[in-house]
Amino acid sequence: MDDTKTFNGTDRYKILERMDKWLIENNASYYGSSAMQWTLHDDGTFSLKVHWSGNDTNK
């Protein structure tokens, strides 16, 4: 299944760690020319939207 998942927070490195952990736990991988999209919000928080492919066990 192909889908997207968004990770939020104030520390970009912790967001990446959570993303890596989630991908491993779900046997998923990111894909596409825009596989990851960072957004900086007005309140100083970040969102990381990941386009992924793999098991659909834990959206």
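Residue numbering for the sequence shown follows the working numbering, starting at 1 and increasing by one per position.
Glycine residues also receive a C-beta, built at the ideal position from the N, C-alpha and C atoms.
This structure is a prediction, so every number in the text was calculated from the model and none was measured.
Next on the checklist: Give me the DSSP bridge partner(s) of Ser34.
Outcome noted: Translated into the one-based positions of the sequence shown, residue 34 becomes position 34. Ser34 pairs with nothing; no bridge assigned.
Item to check | Rounded straight-line distance, which links the Cα of Ile24 to that of Met36 | outcome: Position 36 of the sequence shown, counted from the first residue, corresponds to residue 36. Position 24 of the sequence shown, counted from the first residue, corresponds to residue 24. Their backbone Cα atoms lie some 16 Å apart in a straight line.
Item to check | Host beta strand (DSSP E) of His51 (start-end) | outcome: Translated into the one-based positions of the sequence shown, residue 51 becomes position 51. From DSSP, the beta strand (DSSP E) with His51 extends over 46-53.
Item to check | Backbone secondary structure at Asp11 - three-state DSSP | outcome: Locating residue 11 in the sequence shown gives position 11, counting from the first residue. DSSP places Asp11 in coil when its eight states are reduced to three.
Checklist entry - Of all Cβ atoms in chain B, is any one closer than 8 Å to the Cβ of Asp42? => result Here there is only one protein chain, and chain B is not present.
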